[in-house]
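A.B. asks:
Chains as they are written, first to last, in the numbering used here: chain C, 1 to 219; chain E, 1001 to 1068.
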């Protein structure tokens, strides 16, 4: 009885963030696709590679914005983030702060790269400098974050990276293999960058879900 | 692995947050151990046992028996 009630409460708890995420994702994707149409460079059309890169970048940015809202307002954040309560956000404010800012920087780097010429209007040198700067910021924040994680979070991080590697090996490797055999077009450099980001996100979700940590609720 | 962490914690009248603070880990870790989603490292298991004044096998239940 209690278990059934708790399950119902968890389903209700997950419904709001899922719906909010879906709406925000839809609106952001719609705006992005309009932006890429308007920004199509002289040499080429919008291209599916940059559209997917932009959408993955937006996913990172939206996730990071949601997390930052939770840090600024823990009571509100506890309603849609995967935490026990507002106190958990307060207790781990610094760790979450570094993590979400790094996530935002990575998402912004990928989003920016989707607008680099020839498909977009940002110059190659400027795009590379900005993206490398953002990746460097993410690396520094990740290093700072590592000082505030405990053994479970460290394990999840390692397992997520391992999962991301296997996914990249299967998806990117499989694609490259088929391309080498002349069966399909080779992945573009932007496709590889998108695959790095997407498989890392998928790895994190996979590992958290596998351990039942995506459906946490009040104990 | 099944464990009696929640039982011992409640006997002390501590919240998950209080136990996490005493052990120097996150509340997420305490919750994951109590709900059998995560088996702690040996150092953390030893610290938990020391904190409650019990032996590790009294805290973590392993049904494995060596073959005769």
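Backbone N, C-alpha and C define an ideal beta-carbon position, used for all residues, glycine too.
#1: At 8 Å on the CB atoms, spell out the chain C contacts of residue 1044 of chain E, in chain order.
#2: So, with DSSP's three-state summary, where would you put residue 1033 of chain E?
#3: Tell me the residue span of the alpha helix (DSSP H) that contains residue 157 of chain C.
#4: Closer than 7 Å by C-beta to residue 156 of chain C: which residues in its own chain qualify, once you throw out the five before and the five after it? Chain order, please.
#5: Can you name, in chain order, every residue of its own chain whose Cβ lies under 8 Å from the Cβ of residue 1016 of chain E, other than the five neighbours on each side?
#6: Expressed to the nearest angstrom, what Euclidean distance is found between the alpha-carbon atoms of residue 1011 of chain E and residue 70 of chain C?
#7: Enumerated in chain order, which unbroken segments of the alpha helix (DSSP H) with a length of 4 residues or greater are wholly contained in the segment 41 to 114 of chain C?
#8: What is the rounded straight-line gap between the Cα of residue 175 of chain C and the Cα of residue 187 of chain C?
#9: Strictly by DSSP, which residues pair up with residue 221 of chain C?
#10: If I follow the unbroken alpha helix (DSSP H) through residue 209 of chain C, where does it start and stop?
#11: Should residue 215 of chain C go down as buried or exposed, given a rule of 16 or more other Cβ atoms within 10 Å for buried?
#12: Tell me the DSSP secondary structure of residue 1009 of chain E in three-state form.
#13: Only counting the same chain, and skipping five residues up and downstream in sequence, which positions put a Cβ closer than 6 Å to that of residue 1061 of chain E?
#14: Helix, strand or coil for residue 1146 of chain E? Go by DSSP, reduced to three states.
#15: Any C-beta of chain E sitting closer than 8 Å to the C-beta of residue 94 of chain C?
#16: Per DSSP, which residues does residue 1060 of chain E bridge with? Please list them.
#17: Using a Cβ-Cβ cut-off of less than 7 Å, give me the residues of the segment 140 to 174 of chain C that come near chain E, in sequence order.
#18: Between the C-alpha atoms of residue 171 of chain C and residue 53 of chain C, what's the straight-line distance to the nearest angstrom?
C.D. replies: The short version:
#1: 151
#2: helix
#3: In the DSSP annotation of this structure, the continuous segment of the alpha helix (DSSP H) that includes residue 157 of chain C starts and ends at 151 to 180.
#4: If you ignore the 5 residues before and after residue 156 of chain C, its C-beta comes within less than 7 Å of the C-beta of 207 and 208, all in its own chain and listed in chain order.
#5: Excluding sequence neighbours, residue 1016 of chain E sits near 1009, 1027, 1030, 1031 and 1034.
#6: 33 Å
#7: 48 to 72, 74 to 80, 86 to 91 and 93 to 113
#8: 7 Å
#9: No answer is possible for residue 221 of chain C: the residues shown for chain C start at 1 and end at 219.
#10: Where residue 209 of chain C is concerned, the enclosing alpha helix (DSSP H) stretches over 189 to 210.
#11: Residue environment: residue 215 of chain C is assigned as exposed (fewer than 16 neighbouring CB atoms within 10 Å of its CB, all protein chains considered).
#12: helix
#13: Answer for residue 1061 of chain E: 1002, listed in chain order.
#14: One cannot answer for residue 1146 of chain E here, as it falls past the ends of chain E, which runs 1001 to 1068.
#15: no
#16: E/1003
#17: Taking 7 Å as the Cβ-Cβ cut-off against chain E, the residues of the segment 140 to 174 of chain C that qualify are 150, 151, 152 and 153.
#18: Their Cα atoms are separated by approximately 15 Å.
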